[in-house]
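Asker: For reference, each letter of the sequence shown is one residue, going 70 to 204 in the working numbering.
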Amino acid sequence: MTDWDGLKAPDAAGLEAMARAALATLPAEFAGHAQDVAIRVAEFAPEDMLDELQIDDPFELTGLYDGIPLTHKSVSDQPDGPDIVWLFRRPLLDEWASRGNVSLGELVGHVVTHELAHHFGWSDEQIARVDRWWE
């Protein structure tokens with residue numbers, strides 16, 4: 070059991086730093102494609118995002134890719150902004166505390182990698198194979 074006395078949860082900047090550290094470990098063939106993806110950290114997913122995904126409990130969503138996968142991009146696309154990997158701080162901290170078998174940096178790295186897989190156009194089946202390895 071972990072003694073939580075005196076420990077302080079990282080803020081949004083701390084989680085973003087963990088995400089950027091994970092990006093720095095990507096293999097070269099992925100790193101170039103990932104450099105234009107923005108990282109954003111929020112306490113929780115906004116209500117409209119949860120509604121669109123039909124998620125009732127905001128603690129169920131630790132991250133989300135918001136953008137057009139590389140396999141679907143076209144020169145005719147006129148995006149409003151960059152592709153984004155969203156990280157949701159409170160759900161991440163909750164999952165990390167409840168699991169107890171990974172570091173927070175490892176968990177953040179896994180979520181970033183999972184969401185980037187959507188950016189790369191991986192199928193849900195391909196991502197699930199990676200996720201099964203993680204669990």
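No residue lacks a Cβ here, since even glycine has one placed at the ideal position from N, Cα and C. Quick caveat: nothing in here was measured; it's all calculated off a predicted structure.
1) In whole angstroms, what separates the C-alpha of Ile108 from that of Ala90?
2) Can you give me the C-alpha to C-alpha distance between Leu185 and Gln104, rounded to a whole angstrom?
3) Once DSSP output is grouped into helix, strand and coil, what is the label at Asp152?
4) Can you check the segment 107-134 for any beta strand (DSSP E) of at least 3 residues that lies completely inside it and give the ranges in chain order?
5) Is Phe157 close to chain B, meaning its C-beta is less than 9 Å from at least one C-beta of that chain?
6) Compare the Cα-Cα distances from Pro51 to each of Gly174, Glu129, Gly169, Gly178 and report the closest residue.
Answerer: Taking the coordinates as given:
1) Each residue's alpha carbon lies about 12 Å from the other.
2) When rounded, the distance between both Cα atoms is 11 Å.
3) DSSP, read as helix, strand or coil, puts Asp152 in coil.
4) DSSP runs (the beta strand (DSSP E)) wholly in the segment 107-134: 107-111.
5) Within the model displayed, chain B is absent; a lone protein chain is all it includes.
6) Only positions 70 to 204 of the chain appear in this structure, which leaves residue 51 out of reach.
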